[in-house]
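Q: FYI, in this note's numbering the residues of the sequence shown are 58 to 203.
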Amino acid sequence: VRFLEQENKVLETKWALLQEHDQKTVKNNIEPLFDAYINNLRTQLNDLEKDKVRLDGELHNTQNLVEDYRSKYEDEINKRTEAENDFVILKKEVDAAYMVKPELEINLQSLVEEIDFLRVLHEMVSLNSIFFELCSIMQLYVLPKR
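1) Determine the DSSP secondary structure at Val182, reduced to helix, strand or coil.
2) What would DSSP say about Val58, mapped onto helix, strand or coil?
3) Please report the straight-line C-alpha distance between Ile87 and Ala93, rounded to a whole angstrom.
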């Protein structure tokens, strides 16, 4: 029994030494792996931070573009509305002018007729005046001198 107990203690000591040796070996083998993994994660974090800064800049630029386009769109809507209103006003004016057109044509015709009448009358008066002047001149030549 003592021999077995002694053998057991020797085995326990060997076992403890082996476990201690394995833990140091595992610790020495795992630590560089963890360090590499941590460094890799830090690199990824730095890359993500750079991407975040870049994407924030792009977001700001895109938001500015959206605001510019929104402003231009609203300006175009206002211009279109104004043009439509101007069109409606012009259409009303054209319609009113079209309604007055027959009356104006009648007035034009009567004025043309009046001008023609006055022209003929003027020609008659001119001819009459010329006639009287000729008559006067004729009387001077025809009448004996005293």
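Virtual Cβ for every residue (Gly too), placed ideally from N, Cα, C.
A: Let's see:
1) DSSP places Val182 in helix when its eight states are reduced to three.
2) The answer is coil: DSSP assigns Val58 none of H, G, I, E or B.
3) Distance between the alpha carbons of Ile87 and Ala93 is about 10 Å.
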